[in-house]
């Protein structure tokens, strides 16, 4: 399984890096905590920190402040692999800016063989797109022109878990 999401903004990486560095902190400015379980760790973000979000657990195996964090998925989840956030400078159309990319790569086994395509992938995609929308609000001071939308399937899965089918009002940037 490979899954990638990214967004580009016309800002310097130095403006984006602090958002990455705030992951799982009291002042997390990247993770979409208004609508999804928070990302938490047993210590501040850094190599060796263990935790996760919801039922997904993982350990930080690489961290370059302001640029990249890689998480190794905990064995037993049905996914053997990692996911990461990357912040990198990128020029598009002659304009300097920064891309934030979330990459997941894993071998799927056990019950995740059917859970990934039917359930987990849809929720994963919604969470990551919400994180990128949050990043946009933090960087640009307003929501994106076309914010990510939850599919009817994601809304139904949320209700089954006792979560609201509709989004919370976003926090001020």
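Numbering (full-length UniProt numbering), first residue to last: 1 to 173.
Just so you know, even glycine gets a beta-carbon here, dropped at the ideal spot from N, CA and C.
Judged by their CB atoms, residue 9 and residue 98 are nearer to each other than the 8 Å cut-off. Here residue 102 is bridged, per DSSP, to 5, 85. For residue 128, the closest of 58, 84, 25 by C-alpha to C-alpha distance is 84. By the Cβ rule, the segment 144-157 does not count as touching the segment 40-60, because fewer than three pairs are nearer than 8 Å.
In terms of Cα proximity to residue 5, the closest of 96, 13, 148, 41 is 148. Residue 15 and residue 102 have their C-alpha atoms spaced approximately 18 Å apart. A buried status is given to residue 120, since no fewer than 16 other beta-carbon atoms sit within 10 Å of its beta-carbon. In terms of Cβ geometry, residue 45 and residue 131 do not form a close pair [threshold 8 Å].
In terms of Cβ geometry, residue 124 and residue 3 form a close pair [threshold 8 Å]. Residue 24: not part of any beta strand (DSSP E); DSSP gives it neither H nor E.
Straight-line measurement puts the Cα of residue 58 at about 12 Å from the Cα of residue 78.
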